[in-house]
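Numbering (UniProt numbering), first residue to last: 1 to 337. Glycine included, C-beta positions come from ideal geometry on N, C-alpha and C.
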């Protein structure tokens with residue numbers, strides 16, 4: 001870990017001023033940033049501790065939605081009665097991730113901005129375009145069991161590690177940010193990036209911008225939903241494949257459906273055409289198979305991770321069936337039923 005300056009602002013405006021320079025990192029829960037600094041992967045010259053900022057509340061919105069403060073912890077969010085009753089998909093996804101100790105420290109804003117767990121990204125003795133542009137990608141042709149099957153490039157095949165973000169993608173949340181140029185709203189689909197030719201850019205935040213809140217719309221997916229996470233261990237492991245489904249039925253037909261995947265791409269993965277393909281259909285494995293094929297169109301294995309394509313297909317079908325039946329995957333009894 002290199003030497004760095006430290007600032008602890010008391011308000012958002014001061015934080016933005018402190019964060020406007022080069023090589024600055026915002027510090028909230030620190031559950032990812034501190035690890036990266038210890039490993040010399042992240043080397044900020046200034047750390048801006050934002051824990052004094054008034055961004056930890058969860059509040060009702062006038063439009064019937066909910067605003068999640070960026071500094072509200074993952075645990076406080078998952079166990080908030082409004083989240084559990086109105087957005088149980090989000091609560092389920094959060095509880096599927098990390099450990100209780102980490103959820104008690106990790107923040108909502110930090111969860112959005114956590115970095116990949118790619119082995120090569122963390123190992124400074126191996127090539128990684130995300131860590132050092134132009135070095136190459138050690139995962140391509142290397143050990144890549146956990147890596148992307150969708151949306152990758154010849155520069156990077158890393159995946160985004162978040163569970164929470166997969167649910168937020170399905171719920172079509174909006175991210176509130178502030179920065180040197182003022183406030184703006186980013187649709188969740190536009191927040192994270194695919195690697196393309198700039199794999200070091202995880203998201204579309206501008207220099208010095210700070211996430212202040214996440215807004216959830218007022219739509220009701222509280223009955224037909226599921227978050228299914230498949231991993232090597234039943235606890236404290238990142239997803240090989242995860243599926244967030246939010247569904248609304250009218251009679252015996254699918255009136256609306258959202259499907260997002262985790263563990264398969266550089267960002268939570270959605271394809272609107274896959275969802276449109278099964279709207280107004282009666283729930284069935286055949287219909288769900290259609291959605292899975294559309295959602296995974298173009299998926300490519302990199303060797304070790306080729307198994308993810310078949311695994312993701314089965315997971316999508318199973319999660320859709322769970323949602324349609326109103327029997328979401330339990331995060332305490334993790335057997336898949």
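| If we call anything under 8 Å between Cβ atoms a contact, is residue 94 one with residue 71? | no
| Who pairs with residue 301 in a beta bridge, going by DSSP? | Residue 301 is not bridged to any residue.
| field | Best match in 216, 107, 324 for proximity to residue 251 [C-alpha to C-alpha] | value | 324
| Beta-carbon proximity check, residue 362 vs residue 96, cutoff 8 Å | The structure shown has nothing for residue 362, since the chain only spans 1 to 337.
| Thinking just about the alpha-carbon of each residue, which of 237, 320, 333, 293 is nearest to the one in residue 102? | 237
| query | Tell me, which residues are paired with residue 46 by DSSP? | reply | 5, 24
| For residue 280, which option in 58, 291, 253 has the closest C-alpha, if you only look at C-alpha atoms? | 253
| query | Where residue 301 and residue 9 are concerned, what is the direct C-alpha to C-alpha distance, given to the nearest angstrom? | reply | 46 Å
| Cα-Cα separation between residue 256 and residue 89, rounded to whole angstroms | 15 Å
| request: At 3 residues or longer, and completely inside the region 119–190: list those beta strand (DSSP E) runs for me, N to C. | output: 174–179, 182–187
| residue 63 by DSSP, collapsed to three states: which one? | coil
| If we ignore side chains and look at the alpha-carbon of each, how far apart do residue 292 and residue 317 end up? | 7 Å
| query | Whose C-beta lies closer than 6 Å to the C-beta of residue 198 among residues of the same chain, with five residues either side of it excluded? | reply | none
| Bounding residues of the beta strand (DSSP E) (the contiguous stretch that carries residue 224) | 224–230
| Does the region 142–154 come close enough to the region 52–69 to have 3 or more Cβ pairs within less than 8 Å? | no
| request: Could you have a look at residue 323 and say whether DSSP puts it in helix, strand or coil? | output: helix
| message | Which of the three DSSP states is assigned to residue 69 in this structure? | response | strand
| field | Which listed residue (42, 52, 44, 77) has its alpha carbon closest to that of residue 59 | value | 77
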